Every structure is written in C-alpha cells, then in structure tokens.
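Participant:
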Amino acid sequence: MTTTDKTLLDFAEMVRSHSVLPREDWADGPLKVGVDLGTANLVVCVLDAANTPVAGITHRSTVVRDGIVVDYIGAVQAVRAMKADLEKRIGQPLTQAATAIPPGIHHGSAKAIGNVVEAADMDLVEIVDEPTAAARFLGIRDGAVVDVGGGTTGISVLRDGEVLASFDEATGGTHMTLVLAGAMRTSFAEAEAYKLDTGNEREVFSVVRPVVDKMASIVSRFLEDHPGIDTIHVVGGACTFTDFEKAFARHTGLTIVKPAAPLLVTPLGIAHYQQAGGQAR
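Heads up: the sequence shown begins at 0 in numbering that gives the first Met the number 0, then just goes up one per residue.
1) Bridge partners of R158, per DSSP?
2) Taking the Cβ atom as the reference point for each residue, do T197 and V234 lie within a distance shorter than 8 Å?
3) At which residue ranges does the stretch 66 to 111 contain complete alpha helix (DSSP H) runs of 4 or more residues, listed in the order of the chain?
4) Which residue wins for smallest C-alpha separation from Y272, given the options A96, E23, G28?
5) From the DSSP output, in three-state form, read off H17 for me.
6) Report whether the distance from the Cβ of K213 to the nearest heavy atom of the ligand PLP is below 7 Å.
7) Taking buried to mean at least 16 other C-beta atoms within 10 Å of its own C-beta, is P21 buried or exposed?
8) My output table needs one value for I217: the three-state DSSP class, helix, strand or coil.
9) What is the rounded straight-line gap between the Cα of V62 and the Cα of G172?
10) Measure the CB-CB distance between R48 and P29 and report whether it falls below 8 Å.
11) If the criterion is Cβ atoms closer than 8 Å, does the pair V162 and S155 meet it?
12) Taking only the alpha-carbon atoms, compute the straight-line gap between I100 and V207 and give it to the nearest angstrom.
13) Among the candidates G66, D65, R59, G90, whose CA atom is the shortest distance from the CA of V78?
14) Would you kindly report the start and end of the unbroken alpha helix (DSSP H) that includes I228?
15) Taking the alpha-carbon positions, what's the M0 to T6 distance?
16) Straight-line CA distance for T239 to A260?
17) Smallest Cα separation from E86: which of G66, D65, P102, D120?
18) Run the CB neighbour count on K110, radius 10 Å, all protein chains shown included, and call it buried at 16 or more, exposed below.
19) Mind checking who A246 pairs with in its DSSP beta bridge?
20) So, using beta-carbon positions, are V218 and T251 closer together than 8 Å?
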C-alpha cells in the first residue's frame, strides 16, 4: 500500500467514525481547511501544518449543481454546520479555508463558491481547479488528472508540476443516476439510493457504462492535443466502481490509476495550500 493510499484510508475512517487525530500528533503551526462543494457531496477537511489530516466531515447535498451554487442559503447553512461540528471536535475555531471549482466555470459561479466559504465565517485563502487540487495531494508532476464528480468531469494536464491545460465537461455521477432512473423506470432519488448500495454495483455499472464510456471519450479527445501522456489518475466520487479503470483504459489506451477513497482526494488537495499567516494553535 502506498503512503498516499494509507493517508486516504486513514482519513476515510476518521470521517466515518467522527474521530480526530490526537492533539499531541499535530505538527506545530496553524490548521488548514479545505471546503469541497460538490454536486452530490460536501466535504470539509482539516489538516495540520504538515498536511496530515486532523478531522473531516461529509454531507450529502444538492446545493451545488455542475459547479454552480443553486441554493446559496442552503450551502452556507450546510458549511456552517459542518464547520461547527469540526470545531467542537477539535476544540478550536477554524478561521480560514480554501475551496475549489471545476475548470473553466464562469467567474460569477466561482465567486459564488468563494462567497459560501466567507459567509460561513472563514477567510478565503485560495480557489483552485478541482483536478489541480487532486494532483497537488497526489504529488503528480506529469500526466493527466481526471476528477469525476457528481455533476462534472474535470481534466488537468501536468508537465514538470505545472498545469498546461484544464477542461471541464458537464457529465458525472448525476448523469449516471439519470440513466439508471430511466432504465429502472423509477425516481431520481430511488435510483440514486440504488446506485449508492454497493451490493448493486455490478448491475448498476452495466447500466451506466455508456456514461463512463462518454467520459473516457471526452478525455481522449482532450488529450489528443497533449501527446506524450501515458497515465491518467482518476479521482472523485463517481469513479468508485470497481471496473471504472478498465472502461477508461479500454477507451483511452492509457494506464489508469485510481487511489483509495477517490472521493476524498480533491478536498485533501484543496487544503494543501501554502500557509500565509493564519489561526493560532
């Protein structure tokens, strides 16, 4: 198991059990917060000054759709509640945070996402593209990162640690659920619940496979303008299917790497910002 995968699995357990890294294990320095406002999931994570996860929380929500805040009050209330929960657990206020956006969204939509963080009583220190945040956590310097979220699929190409290009397409987990709902002739909510039940994974993936194939085709077309890429790192909650990598590999002809707990990669990367001042310990 890689160090990165161990960090992800440890953090996933921390989120599941509502636990906190013991205070004596925190690195000296201010805490850092990452706020990931996804279409299907909101994630807030807290790291110490050495980027070790301290605590985290997730919340199923529909306040954001395809990178656009569609329920501003609901988004602010959700982030405030998650922040309060974390503050109670760690025993100190969280006063600054970073957040992320899908690549290429409108400036106004990006500003609205930043405003949610500030309205939740935290200073906004950075807004980063989601695939770029994922690459930062994974330590990727060369290759492509694909963030498959609930509403969008974002792509970033990196060379020598620099982002050469980013692209975003409105295709993600929500579209999988819509296809599944149509096939099952049921409501979106019932299809979403069925999709999230891991016991149904094989059946669900056979139905939503065309959506995954479309994602892979989008990525392949984008990468035609960036020859020399041989590895794609996939992250995000919508890529958790066991056979997701095989489908992507078949369409792209490239090596596909998926880390453990892919939903949590981007929020952890968001919190990997460079500290400039910050809260007291």
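A virtual CB, placed ideally from N, CA and C, is assigned to each residue, including glycine. Just so you know, these numbers come straight off a predicted model, no measurement behind them.
Facilitator: According to the structure shown:
1) Here residue 158 is taken as the residue at index 159 of the sequence shown, counted from 1. Within the DSSP bridge table, the entry for R158 names E161 as partners.
2) Working through the sequence shown from its first residue, we reach residue 197 at position 198. Working through the sequence shown from its first residue, we reach residue 234 at position 235. Cβ distance not < 8 Å, so T197 and V234 don't count as in contact.
3) 71 to 89
4) Position 273 of the sequence shown, counting from 1, holds the residue named residue 272. Looking at the Cα atoms, A96 is the closest of the given residues.
5) As a working note, residue 17 is residue 18 in the sequence shown. Here H17 sits in coil by DSSP.
6) Ligands in the displayed structure: none, and consequently the ligand PLP is not present.
7) As a position in the sequence shown, residue 21 is number 22, starting the count at 1. With fewer than 16 other Cβ atoms within 10 Å, it is exposed.
8) Against the sequence shown, residue 217 aligns to sequence position 218. In this structure, I217 counts as helix in the three-state DSSP scheme.
9) Here residue 62 corresponds to residue number 63 of the sequence shown, with the count starting at 1. Here residue 172 corresponds to residue number 173 of the sequence shown, with the count starting at 1. Rounded to the nearest angstrom, the gap between the Cα atoms of V62 and G172 is 15 Å.
10) The count along the sequence shown starts at 1 and reaches residue 48 at position 49. The count along the sequence shown starts at 1 and reaches residue 29 at position 30. The sequence given here has Ala at residue 48, not Arg. Going by beta carbons, A48 and P29 fall inside the 8 Å limit.
11) In the sequence shown, the residue the question calls residue 162 occupies position 163. In the sequence shown, the residue the question calls residue 155 occupies position 156. At the C-beta level, V162 and S155 come within 8 Å of one another.
12) As a first step, residue 100 is located in the sequence shown; it is residue number 101 there, counting from the start. As a first step, residue 207 is located in the sequence shown; it is residue number 208 there, counting from the start. For I100 and V207, the distance between alpha carbons rounds to 25 Å.
13) Taking the first residue of the sequence shown as 1, we reach residue 78 at position 79. For V78, the nearest C-alpha among the options comes from R59.
14) Along the sequence shown, read from residue 1 onward, the residue named residue 228 stands at position 229. Premise fails: I228 is in no alpha helix (DSSP H) and is neither H nor E.
15) In the sequence shown, the residue the question calls residue 0 occupies position 1. In the sequence shown, the residue the question calls residue 6 occupies position 7. One Cα belongs to M0, the other to T6, and the distance between them is close to 10 Å.
16) Start at 1 with the first residue of the sequence shown, and residue 239 comes out as number 240. Start at 1 with the first residue of the sequence shown, and residue 260 comes out as number 261. Their Cα atoms are separated by approximately 8 Å.
17) Position 87 of the sequence shown, counting from 1, holds the residue named residue 86. Distances from the alpha-carbon of E86 to those of G66, D65, P102, D120 put D120 closest.
18) Here the question's residue 110 lines up with position 111 in the sequence shown. Classification of K110: exposed, given that the 10 Å Cβ count is below 16.
19) Counted from its first residue, the sequence shown places residue 246 at position 247. The partner list for A246 (beta bridge, DSSP) is empty, contrary to what the question assumes.
20) As a working note, residue 218 is residue 219 in the sequence shown. As a working note, residue 251 is residue 252 in the sequence shown. Their beta carbons are under 8 Å apart, which means V218 touches T251 by this criterion.
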